[in-house]
Each structure stands twice: as C-alpha cells, then as structure tokens.
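Before any comments, here is the structure.
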Amino acid sequence: MPRPSSLPHPVRYSAGWASRLAYGLLLGLLSAAAGLLAAGADPTTRAAGLRLWALVGAGGFAVAPPNVLFPDPNVSVLQRLNWSPPRLLRYQAWRLGPLFLLAAVPALLIAYGDPGGAFRHLGIKTAALGQVLLLLVGTALDSFVHFATLGARSQAWHEGRAGQWYARAVEKGQGLSLPRGLVPAFFATTRCFTVAVAAVVTTALGAQVGGGLLGWIPGLLLIGWAGRRLWRRRAAYDRHFYHTTAFYAEVLGGGTVAASDREPVPHDALYWVPSRWRPAVWASVRQLDRRLPLGRLVAVAHLGLWLFCIRGVAPAFVTTYLLVVLTGQVAACAVLGTPSAAPRPFQIALQSVGDWVGARTFVNLRWLGPHVGSLALVALFGTTYGWAWVGTWAAVHVGLSVAAAAIVTLATEGAARAAA
C-alpha cells in the first residue's frame, strides 16, 4: 500500500490564511444578513428575495473572476508540472469555488432559514432556490469561460491589432481611463452582467406563468450555452490559460496575491504618534499590512455591526460581537512578534521593552478612529445606544490595545531580554 507523501503540494489554491480568514468573515456576514433579512418572510417574499440575491451574485461573478483567477500565482509551477488542459480547467474551476460559496450559502439561508417554519412550503421554497442556483451556476460558468479565454483578444487590443474604433474614440477624448488591453475585460464585465440580468428577469416572468415550470428554462439555457462554449475550448484550454495569465501579469505586474495591494502608509500619516515611537510604529504598520488585510476585515466587521443594529438584535449579542471584533483586531499585533517580522536581538537593540509596548499600543490604536466613527453612526441614527456607550467602547479599545501590546512584547522582546 503506497504511503502518502510528506512533501507539501506544489500548487497552492489560495493566498494563505489571511485570504481564507477574509473569505470566512465575508461568508459569515453574508449568511447572517441573509438569515436576518429573510426571518419570518412568506414563501412569495423569499422567492423574490432569492431573485434579488441572484442579481447581486451576477454582479459579483461579472466583476470578481478576473481578479480572483488572474494573474495566477502558481503559473511557474504549473508550467513545470505540465498539466493537461482538462486538469488546468479543473484547477481554475476549483479556485473559483470560494466565490460560488459566497453566493450559494446565503441563497440556502434565504430559502430555508425560517426557525418558525423551516419545513413549511418546502415545494415553493425548493423550486425558487433551484431556479436561482441554476442562474448562479450559469452566470458563474458564463463569466468563467468568457474571462478565462480573454487573453488573445486583450493582447490584440494592447498591441493595437484590434479595437481601432476605440482608439479613434480615445483621440476624441471619449475613452476610458484604462490601459487599452483592459478595455475588453471592462466590456466583458458589462456583457456578463447584462446576460445575467436578462436571465433573472426572464426567470421571474416564467415563474409567474405556466405553473412556474417556465422559470427553470432561463437557467438551464444559460448553463447549456456557457457549457457548450467551454466544451469547445477544453482541448486547447492550456493555451487560453497561459495566454490570459501572461497578459494579466504583463499589464498588472506580477502574479502573486498580496494581503494589501494599496500603497504603503507614508511616514507623515502617523503624525498622531509620539515622535519617540513613530519610526517603530511606521515599520510595524508596514509589516502588518504586508501580511494581513486588516482594514478590509475591520470594514466587514462593522458592516455586520450595522446590520445587527438595524435588525434590532439584543444588546447582549452586540456586546459580545464587539468584544470579539475588538479583541481580534488587537490580537493581530501578534503577527509582529513572529521571528520573520521581529528578529529578537535586532528588536532589543532598537528599543527597550517598554518602548516596544508603547509602539505596539499605537499600532493597535490605528483603528480607534474608524471604530469610534462607526459606533457614533449607530448612536446617531438609533435610539438603543447613546454617546456614553460610544465612549465606553472607546475606552475598552484603548485598554485592549495596551494589554495586547504588553502581552506580545513580554512574550518576545521581554523573554529575549530575560534570557540574555
């Protein structure tokens, strides 16, 4: 019996734990939103909500695939492995799987998330869900085959061998502020979303006539049309894959997925940090931004907070939620205590243990303003929470920031100092 290999798989399917964490938080937020908004709804309202959700999913599938799939971070390894076209096709489809889960799981909750009557009207709920899942599969498949085979056309536009009508429009000042090679992708986004909207509208019309049987046809037709196009290209998918990946790598630069693709924080932006600690805070913030998309995670967390407050959930739940969010945010400074981010002899030579506690405290306080601003909006537009509540949570955030900074520093520089 062959023993499993102890070597790691040469191909990675995601950008790492930070990407998986972001997907998980977003999936949790969308699922919570779906469950809260569909609670107590009748079957007709659920069917309408599912079709609206299909429009949201269509927008996601029209925009996200080129950003998720290209440029591929594993392209150099895949060239050495020399995978067959069908295997490359399966690999790309697998990478798109998390995006489909973001659309499918909330749809399930919209259809069946009814604690008071989960097993009532199962036929109507299942029919509406089935039609929407067909639409989501068809939209994802249509977008996938369109963007995955866009490399040759985009390259022709980039080199001026196609799109002369657009070049003339640019000369008249009527073009888009995009590199010419990315214009086909922009048009593809519009085209994929238009096709999906037409399918959703046709499904809604078909569900109202013919006993609802006609509502299944648009999704099936969309899947069949996209599947036929993909089947015709499957034998040469390796050519499409490498051509599209090479083009996106050339235009966008590089094939790796970073935790944060924005410009590094400039030193002058940390004017609110005492000058004694500003260099260390600046270096730490840059280290953290390279490893963790913390700003996006904080934004997603506060979207969830607003949703819970709009739905009027119990204050005890909101308190627990905020404690989890704030604790998770300040706990992220543990990344700065890893050997790769903070070689301990080097850290001790730069500053004392107390100075590192102060620097990491201000790293954690970087998000104090956004936190307070979000809570202030809740207090301003609601009646459940007041300004004292905002002040209390600001104080909690400061306390957690100091505590997390002290724990991380004592476990790293403090332990190294004691050992010396």
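Positions 117 to 536 (my numbering) are the ones given, in order, by the sequence shown. Glycine included, every Cβ here is placed at the ideal spot set by N, Cα and C.
For residue i, which residues from the same chain have a beta carbon less than 7 Å from its beta carbon, with the 5 sequence-adjacent residues on both sides left out?
i    : result
P120 : The pLDDT assigned to P120 is 46, lower than 50, so where the model puts this residue is not dependable, and the model offers no usable value.
L386 : R394, V397 and W398
T372 : Note that T372 scores a pLDDT of 37, beneath 50, so its modelled location is shaky; the value from the coordinates is reported in the next line. Contacts found: P189.
Y501 : V494 and A495
W503 : A495
T253 : Reading off the sequence shown, one finds Val at residue 253, where the question assumed Thr. Taken in chain order, the residues that qualify are I339.
V221 : L143 and S147
E529 : R460, Q463, I464, V469 and W472
K241 : P159, R162, A227 and Y228
For residue i, which residues in the same chain have their Cβ closer than 6 Å to its Cβ, ignoring the five residues on either side in sequence?
i    : result
S490 : H418
A510 : V488
G297 : S270, W273, H274 and V367
F363 : G267, S270 and Q271
L410 : A448
V506 : L491, A492 and A495
Along the alpha helix (DSSP H) that carries residue i, what are the first and last residues, could you check?
i    : result
T310 : V299 to A323
D230 : Here D230 belongs to no alpha helix (DSSP H), and DSSP marks it neither H nor E.
R355 : Y353 to Y364
A520 : W503 to T525
W169 : P159 to L185
T499 : Looking at the DSSP string, T499 is not in any alpha helix (DSSP H), and its letter there is neither H nor E.
L410 : L410 to R427
T454 : Looking at the DSSP string, T454 is not in any alpha helix (DSSP H), and its letter there is neither H nor E.
Quick check on DSSP: helix, strand or coil for residue i?
i    : result
W341 : helix
A268 : helix
P390 : coil
Q467 : coil
A154 : helix
E275 : coil
D384 : helix
P189 : coil
W199 : coil
A430 : coil
P486 : helix
P459 : coil
L218 : helix
L212 : coil
Between the options, which lies nearest to residue i when the distance is taken from Cα to Cα?
i    : options                   : result
T360 : L204, G530 and V524       : L204
L438 : R350, V311, T508 and L224 : T508
P159 : L218, L145, A178 and R236 : R236
L516 : V473, A283 and Y139       : V473
G140 : F216, R206 and W169       : F216
L330 : Q247, G229 and A447       : Q247
L152 : L168, A219 and D230       : D230
C308 : F260, A320 and W281       : F260
Y358 : P181, L481 and A264       : A264
L251 : G176, F186, T436 and G453 : G176
P390 : L481, T318, A522 and L337 : L481
Would you report the Cα separation of residue i and residue j, rounded to the nearest angstrom?
i    : j    : result
R406 : V512 : 27 Å
A374 : A304 : Reliability of the predicted coordinates at A374 is poor, the pLDDT of 40 falling under 50, and the value obtained from them is presented with this limitation in mind. About 25 Å.
G428 : V434 : 10 Å
A209 : N183 : 14 Å
G335 : V299 : 28 Å
R402 : V479 : 10 Å
L142 : G485 : 22 Å
L249 : L413 : 28 Å
T525 : V469 : 7 Å
A170 : P382 : 41 Å
R476 : A520 : 8 Å
V172 : P455 : 43 Å
G322 : N198 : 46 Å
L466 : A447 : 23 Å
A174 : A312 : 6 Å
D548 : G165 : This structure leaves residue 548 out entirely; the chain is present only between 117 and 536.
G370 : A157 : Low local confidence applies: a pLDDT of 43 at G370 is under 50, so the model's placement there is unreliable, and no value is given.
P400 : A365 : One point to set straight first is that residue 400 is Ser, not Pro, in the sequence displayed. Cα-Cα distance, rounded: 29 Å.
S376 : A315 : In this predicted model, S376 has a pLDDT of only 41, less than 50, meaning its place in the structure is not dependable; the value taken from the coordinates is given anyway. The alpha-carbon atoms of S376 and A315 are separated by roughly 35 Å.
D258 : A178 : 9 Å
W388 : F302 : 40 Å
V518 : R284 : 59 Å
T443 : C425 : 20 Å
Excluding the five sequence neighbours on either side, which residues of its own chain have a C-beta within less than 8 Å of the C-beta of residue i, listed in chain order?
i    : result
R344 : none
R278 : A small fix is needed here, since residue 278 is Ala in this sequence, not Arg. Counting only Cβ-Cβ distances below 8 Å, and skipping sequence neighbours, we find R269 and A272.
L224 : L245
R350 : P201, P202 and L205
A532 : R460, P461, Q463 and I464
L168 : none
Hey, would you say the C-beta of residue i is under 6 Å away from at least one heavy atom of the ligand MN?
i    : result
G489 : Annotation note on the ligand MN: not contained in the displayed structure, which lists no ligands.
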